[in-house]
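Report on one structure; see the data block that follows.
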Amino acid sequence: TMVVYHFSSESVTEGHPDKLCDIVSDSVLDACLSQDPDSKVACETASKTGMVMVFGEITTKAVIDYQSVVRNAVKTIGFDDSSKGFDYQTCNVLIAIEQQSPDIAQGVHEGKAEEDLGAGDQGLMFGYATDETKELHPMSHLLATKLAAKLSECRNNKTLPWLRPDGKTQVTIEYEEKDGQTIPKRVSTLLISTQHAETTDATPNGPPLTNEAIQEALKKHVVEAVIPKEMLVDTIMHLNPSGRFVIGGPQGDAGLTGRKIIVDSYGGWGAHGGGAFSGKDPTKVDRSAAYAARWVAKSLVSAGLCKRALVQVAYAIGVSKPLSTYVNTYGTGTKSDSEILDIVNKNFDLRPFAIIKELKLKRPVYSKTASFGHFGRNDPDFTWE
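Here the working numbering is used: the first residue of the sequence shown is 147, the next is one more, and so on.
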């Protein structure tokens with residue numbers, strides 16, 4: 147049987163206020179792990195005009211200068227001048243960090259053999275993979291992410307000097323679904339909203355920047371540079387449809403860690419257990435088990451056992467073995483789902499200790515996962531890929 151439908155996924159750039167918070171949280175995590183790989187970190191960030199607050203529980207041997215870690219993170223994002231609505235040099239950085247609760251520590255890791263490390267909390271996590279792109283990632287989300295990354299690139303290399311750090315993208319793809327397999331046919335609609343300066347050269351007295359100029363430049367330097375030509379068929383484009391987006395970043399909207407969990411994962415495909423990634427060390431299964439579930443799903447598809455796979459795992463605090471493991475191949479499997487689940491159980495050890503060891507998750511590589519997606523990326527540090 148075949149059905150046709152339109153499915154949309156979104157992404158955001160590093161300067162989006164929620165993403166800024168994810169990046170700050172993961173920068174703190176990396177600072178801890180680079181000095182003490184066994185750091186226990188649960189770091190949240192909130193941001194509004196001229197303010198970043200970092201709060202949570204951290205137990206580490208590392209000595210961290212939170213002020214400089216946070217300011218450097220904001221600087222790399224590109225908020226370096228009050229004309230952009232935020233400045234890493236002058237913003238107020240508030241810190242409210244305590245130690246990990248001793249009740250949690252004694253239940254999860256204290257006094258246990260390394261391999262008996264319990265899950266840091268209960269919860270359920272999903273991994274998804276599909277053969278519709280070479281990255282084995284859903285195309286609607288992959289293209290939305292690539293548009294956001296291209297916005298960032300055009301800003302950083304000054305191709306479009308009027309671009310500012312905050313931006314959002316959205317891509318709708320027309321799919322044919324045939325016996326469970328998803329086949330992208332074309333991009334039916336796409337949307338880009340980006341923060342911008344008032345002038346074409348981003349100086350106070352430069353020539354005024356018009357909406358027409360923004361739309362023309364986005365189409366040429368972002369859309370046509372990213373979307374394959376054969377996918378741009380009767381595509382409706384909304385380029386800065388609000389008409390004005392000068393105020394952005396934390397000044398435009400308040401930001402919080404963990405409020406872009408679908409942007410971070412599969413763009414609405416598969417499923418999500420609700421746990422965010424950024425600011426969490428790998429004993430937190432919200433992160434490590436979601437990475438492992440992606441690794442399993444991707445392995446099943448790349449081994450040719452199915453064309454699409456959704457994998458769920460669930461944990462209890464202090465217990466190392468998953469409470470359940472589930473596989474759904476959407477009817478695309480070369481074997482039954484229960485046979486494929488047996489293969490997973492025989493080949494993958496999904497205890498936190500084993501995941502951390504196998505995927506080398508104690509390395510300080512997390513700040514680069516915090517923008518442009520945790521999955522579908524070609525980077526040797528993304529071991530789960």
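Idealized CB from N, CA, C, for every residue including glycine.
Since the model is a prediction, treat every value here as computed from it, not as a measurement.
Residues near residue i by beta carbon distance below 6 angstroms, same chain, minus five either side
{"i": "A455", "result": "A275, A443, L446, V447, T475"}
{"i": "K207", "result": "D182"}
{"i": "M377", "result": "R332, V333"}
{"i": "A511", "result": "What sits at residue 511 in the sequence shown is Val, not Ala. D527, listed in sequence order."}
{"i": "T291", "result": "S157, F518, G519"}
{"i": "V149", "result": "E323"}
{"i": "F494", "result": "V442"}
{"i": "K230", "result": "R310"}
{"i": "Q327", "result": "K453, T478"}
{"i": "V254", "result": "G264, G266, G464"}
Helix, strand or coil at residue i according to DSSP, with G and I counted as helix
{"i": "G224", "result": "coil"}
{"i": "G395", "result": "helix"}
{"i": "H255", "result": "coil"}
{"i": "N491", "result": "helix"}
{"i": "D184", "result": "coil"}
{"i": "F499", "result": "helix"}
{"i": "V209", "result": "coil"}
{"i": "T345", "result": "strand"}
{"i": "Q458", "result": "strand"}
{"i": "E203", "result": "strand"}
{"i": "R440", "result": "helix"}
{"i": "H520", "result": "coil"}
{"i": "H283", "result": "coil"}
{"i": "H384", "result": "strand"}
{"i": "I243", "result": "strand"}
{"i": "S470", "result": "strand"}
{"i": "P163", "result": "helix"}
{"i": "L364", "result": "helix"}
{"i": "N303", "result": "coil"}
{"i": "S482", "result": "coil"}
{"i": "K508", "result": "coil"}
{"i": "P248", "result": "helix"}
Beta-carbon proximity of residue i to residue j, cut-off 8 angstroms
{"i": "G580", "j": "C189", "result": "Past the boundaries of the shown model lies residue 580; the chain is included only from 147 to 531, so the question cannot be answered."}
{"i": "V200", "j": "I243", "result": "yes"}
{"i": "A438", "j": "I501", "result": "yes"}
{"i": "E260", "j": "F423", "result": "no"}
{"i": "R301", "j": "G352", "result": "no"}
{"i": "L355", "j": "T345", "result": "yes"}
{"i": "G419", "j": "L270", "result": "yes"}
{"i": "D176", "j": "S513", "result": "yes"}
{"i": "D168", "j": "A516", "result": "yes"}
{"i": "V220", "j": "V198", "result": "yes"}
{"i": "L289", "j": "E281", "result": "no"}
Cβ distance (whole Å) where residue i is taken to contact residue j below 8 angstroms
{"i": "V457", "j": "V431", "result": "V457 to V431, Cβ: 14 angstroms. No contact."}
{"i": "G414", "j": "G313", "result": "Between G313 and G414 the Cβ distance is about 19 angstroms, and since that is not below 8 angstroms, they are no contact."}
{"i": "G264", "j": "G464", "result": "4 angstroms"}
{"i": "Q246", "j": "E203", "result": "5 angstroms"}
{"i": "D211", "j": "K406", "result": "That pair is no contact at about 27 angstroms."}
{"i": "L385", "j": "K365", "result": "7 angstroms"}
{"i": "I338", "j": "M285", "result": "Going by Cβ atoms, the distance from I338 to M285 rounds to 17 angstroms, so no, they are not a contact pair."}
{"i": "D171", "j": "T195", "result": "The sequence shown places Ser at residue 171, not Asp. Not confirmed; about 19 angstroms, so no contact."}
Which residues DSSP lists as bridging residue i, in chain order
{"i": "Q316", "result": "E156, L337"}
{"i": "Q327", "result": "K324"}
{"i": "D233", "result": "D226"}
{"i": "G401", "result": "S193"}
{"i": "T276", "result": "R454"}
{"i": "V150", "result": "E322"}
{"i": "G269", "result": "Y461"}
{"i": "R332", "result": "E320"}
{"i": "P354", "result": "T345"}
{"i": "Y198", "result": "The displayed chain sequence assigns Val, not Tyr, to residue 198. DSSP, once it has assigned bridges, lists S193, V239 as partnering V198."}
{"i": "L309", "result": "H342"}
{"i": "K426", "result": "A188"}
Neighbourhood of residue i by C-beta distance below 8 angstroms, restricted to the same chain and skipping five residues each side
{"i": "I329", "result": "E278, Y321, E322, E323"}
Contacts around residue i, its chain only, beta-carbon distance under 7 angstroms, and the 5 residues preceding and following it disregarded
{"i": "A462", "result": "A265, Q268, L469"}
{"i": "T529", "result": "L505, K506"}
{"i": "I408", "result": "G414, H418"}
{"i": "N357", "result": "N386, G389"}
{"i": "K296", "result": "V368, A371, V372"}
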